[in-house]
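Asker: Residue numbers (my numbering): 6 to 158.
Below you will find the structure I want to go over with you.
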């Protein structure tokens, strides 16, 4: 699906985030002709992780249909692999279970401190949750890892 359509869906339906500004690609899923969810993938937000071989799933949003999130995560990995990326990351709030990610083969890789992006030199109003987050990585999973490590350079 187009990034524009995915952004519109996220802005209309996501529980606690607005759509990201940009992205590399977006995927969607439907059931019985109805849009039930989408995911947006872009370059890693953390600049130290932006190595040219890594992408970050920056947003996943569904209407709650069973297994839709896991499906979208797996499709994102497959598309990233087809595009030549070798590592796929995403984040959840510490209060979220991560069941969809585990179901899609991701493993918890790190805990981030969270916090505001505002600094005295560039004040910002936080419009996103600032609490602790978990980083999930698909590369270390057996079936995903084989796929990603075997991706063309």
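Beta carbons are placed, not taken as given, at the ideal position from N, Cα and C, and that holds for glycine.
These figures come from a predicted structure and were not determined experimentally.
(1) Following the continuous beta strand (DSSP E) through residue 47, name the residue where it begins and the one where it ends.
(2) Could you give the residue range of the beta strand (DSSP E) that holds residue 82?
(3) Report, in whole angstroms, the separation of the C-beta atoms of residue 139 and residue 112, which I expect to be a contact under 8 Å.
(4) Please classify residue 86 as buried or exposed, where buried requires at least 16 neighbouring CB atoms within 10 angstroms.
(5) Report yes or no: do three or more beta-carbon pairs, one from the stretch 94 to 104 and one from the stretch 45 to 62, lie closer than 8 Å?
(6) Restricting to Cα atoms, I'd like to know which of 103, 127 and 126 is closest to residue 142.
Answerer: Based on what the coordinates show:
(1) Numbered from 1 along the chain shown, position 42 holds the residue referred to as residue 47. From DSSP, the beta strand (DSSP E) with residue 47 extends over 39 to 47.
(2) For the purposes of this step, residue 82 is taken as residue 77 along the chain shown, with counting starting at 1. Per DSSP, residue 82 belongs to no beta strand (DSSP E); it is in the alpha helix (DSSP H), 73 to 87.
(3) By one-based count along the chain shown, residue 139 stands at place 134. By one-based count along the chain shown, residue 112 stands at place 107. Not confirmed; about 10 Å, so no contact.
(4) Here residue 86 refers to the residue found at position 81 when the chain shown is read from its first residue. Buried, by the Cβ-count rule.
(5) yes
(6) Translated into positions along the chain shown, residue 142 becomes position 137. Answer by Cα proximity: 103.
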